[in-house]
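Residue 101 in UniProt numbering sits at position 101 of the sequence shown, with consecutive numbering throughout.
Glycine included, each C-beta is placed from N, C-alpha and C at the ideal position.
Since we're looking at a predicted model, the values are computed, not measured.
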Amino acid sequence: MLSAIFIYNAKGDLLISKLIKDHVKRSLADVFRTQVINDPHVRSPILTLGSTTFQHVIRESSDNLPMWLVAVSRSNVDSSMIWEYLHKLYQLMEAFGINDEDVLKDEFMLLYEILELTLENGIPQTTDLAQIIPRVSRKPIENNTISKSPDLDDFLSGSNILKAPKLSKRSSSSIALSSLSECPWRPSGLKYKKNEVYLDINEKITILVGKDGSIVKSFVDGSVDCVSHLSGMPLCQLGLNDTYSIHGNEKSELSIVEMMSEYDIKNKKAIPNAAAGSVILEDCKFHQCVQLNKYEANHVIQFVPPDGPFQLMQYRVIDNINIPFNVIPEVEIVKNSTLNYKVTLRSLFPSNVSAKDVTVKIPVPPTTIKCDFNVSGGKCKYDAGEKCMVWKYNKYKGSTENTLSGKVAIPATSHDLSDLLRWSRPPISMGFEIVMFSNSGLVVRHLKCQEPQLNYQPVKWIKYISHSGAYEIRY
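If you want it as structure tokens, here you go:
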């Protein structure tokens, strides 16, 4: 696996050198500095010279200067696993406050302790902070905020590739990772007076509506966010109405009442509006606690939850999306210097559901000198800085229709008129939040939590929240 770890500062000075394999020499650090750091034309994160491969990531240190983290290998290894390890190693450095060059020079032994814990014979092991803290000589700095990793790290964070289940060799070191728990993300001995688990289905809908009213683009990005306050070491099972969980065409047309007998839900209000019989989930990413073999076998998400808040999974839905709002804009040029606006806002969700913080931004020409408007509901104002009318509702009920009528005046000069004809007309945009409404139709079929030794029945809270992403309407 890994043969060495090098860490450089922005100038290419070697700060940390960890040689794992006997056949690796420290002179390789000079090779990487010459071939990559000192060559501004090199952009690839991988450099192969003969049988030696250098893989690196660049992170911004606490003094806003780049820091190079480099892994050296002499075998065919999984690059994504190496990049994930390097990113998470830097997150540990942030947590302990040693992501600064001067601090690292003084506290270099702490980083060597972390490297010993996170690498066993060159194979990445746990990088969980809760498992590292009891085994190092210093505690993390207080009130430290770990910066988010780049997109690649966000992608890899749910890939389960750091579990390293195929180790063939074990170190005899006293701090060998084999002594760690099978669930490094969850401490043992947890006890709560009241056992509770909170499950939030958060969805963000992105949609682009064409001038003719057709849907140009639409998809939903969702996540299942949990907060676990459970005693012991519980095993949880989450069932969703994805395509692989419900078979046959008959069940795809289940009504809300019929779902009551199919789903492990006692309260009808717990089923979100616009729930579907089945949903096709794409681009799923899971927390490392999820047992992927169980999901692949029967599409039941089985996991031992971490303590406290965590994101169980992410997903995307692109088909059969429930659109919450319909916006119908009409813009007419009158007398070459006046534009008449009529915008109709119609909520398509049921009347027993309400959206909150609804905002509609309607662009006007950049040469606008006067803007008058009238609305049948809500509040509206003209934002001269953004050149748009801002129509707001604190609460907007379902199955409701309201209208904005506006008159916009521009200078009557020929130059301004030609600018108006060339005006690109930016799309109308919307923002909102709807509770107990599912844009994708996703439903929790069941959530089971079992702790064989304590044998308790936890309180389960499930909530569905739909947010607006880029919700735009051309006109």
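### Query
Taking buried to mean at least 16 other C-beta atoms within 10 Å of its own C-beta, is Met67 buried or exposed?
buried
### Lys460, DSSP secondary structure in three states
strand
### Enclosing beta strand (DSSP E) for Ser405 [first to last residue]
Here the beta strand (DSSP E) through Ser405 covers 401-409.
### Query
Hey, quick one: how far does the beta strand (DSSP E) through Trp83 stretch, first residue to last?
Note, Trp83: premise wrong, no beta strand (DSSP E); alpha helix (DSSP H) at 79-95.
### Task
Kindly confirm or deny that the segment 465-474 and the segment 189-208 touch, where touching means at least three C-beta pairs closer than 8 Å.
With the cut-off at 8 Å, the segment 465-474 and the segment 189-208 touch.
### Task
With a threshold of 16 other CB atoms inside 10 Å of the CB of Gly189, please say whether the residue is buried or exposed.
exposed
### Message
If I measure Cβ to Cβ from Cys226 and keep anything under 8 Å in the same chain, skipping five residues before and after, which residues do I get?
### Response
Val197, Tyr198, Leu199, Asp200, Pro305, Pro309, Phe310, Gln311, Leu312
### Query
Taking the beta strand (DSSP E) that Thr344 falls in, what are its first and last residues?
338-347
### Task
Locate the alpha helix (DSSP H) running through Leu292, then write down its first and last residues.
292-298
### Neighbourhood of Asp63 by C-beta distance below 6 Å, restricted to the same chain and skipping five residues each side
Asp100
#### Entry: contact_flag[the segment 79-94, the segment 25-42] where n(CB pairs < 8 Å) is 3 or more
no
### Task
Classify Val459 as buried or exposed, calling it buried when 16 or more other Cβ atoms lie within 10 Å of its own Cβ.
exposed
### Message
Quick check on Val24: does DSSP put it in helix, strand or coil?
### Response
DSSP places Val24 in coil when its eight states are reduced to three.
### Message
For Glu258, which residues in the same chain have their Cβ closer than 6 Å to its Cβ, ignoring the five residues on either side in sequence?
### Response
Note on Glu258: pLDDT 45, under 50, position unreliable in the model; no value is reported.
### Query
Which whole-angstrom value is the C-beta distance of Thr231 and Lys191, which I expect to be below 8 Å?
One detail in the question is off: residue 231 reads as Ser in this sequence, not Thr. Ser231 to Lys191, Cβ: 5 Å. Contact.
### Task
Compare the Cα-Cα distances from Lys381 to each of Ile133, Leu65, Thr359 and report the closest residue.
Checked all of Ile133, Leu65, Thr359; the closest Cα to Lys381 is Thr359.
### Rounded separation between Asn352 and Phe437 - CA only
10 Å
### Message
Let's test the definition: count the other Cβ atoms within 10 Å of the Cβ of Lys395 and tell me whether it reaches 16, buried, or not, exposed.
### Response
exposed
#### Entry: Backbone CA spacing between Phe54 and Trp461 [nearest angstrom]
48 Å
### Task
Give me whichever residues DSSP pairs with Thr53 in a beta bridge.
Thr48, Ser73
### Query
What does a CB cutoff of less than 6 Å around Cys236 pick up in its chain, not counting 5 residues either side in sequence?
Phe303, Pro305, Cys449
### Task
Could you tell me the boundaries of the alpha helix (DSSP H) in which Val103 lies?
101-106
### Query
Applying the criterion that 16 or more other CB atoms from any shown protein chain within 10 Å of the CB defines a buried residue, is Leu111 buried or exposed?
buried
### Message
Between which two residues does the beta strand (DSSP E) holding residue 487 run?
### Response
Here the chain comprises residues numbered 1 to 475, so residue 487 is not present and cannot be evaluated.
### Query
Less than 9 Å separating the beta-carbons of Lys361 and Glu330?
It is not a contact, given that the beta carbons lie outside the stated cut-off.
### Task
List the whole-angstrom C-beta distance separating Ala4 from Val72, where the pair is believed to meet the contact cut-off of C-beta under 8 Å.
4 Å
### Message
Could you check whether Tyr341 and Val300 sit closer than 9 Å to each other, using their CB atoms as the reference points?
### Response
no
### Query
For Ser466 versus Met430, is the C-beta spacing smaller than 9 Å?
When the beta-carbon positions are compared, Ser466 and Met430 stay at least 9 Å from each other.
### Task
Using DSSP bridges, identify the partner residues of Ala4.
Leu19, Val72
### Three-state class that DSSP yields for Tyr393 in the structure shown
Here DSSP, grouped into helix, strand and coil, assigns Tyr393 to strand.
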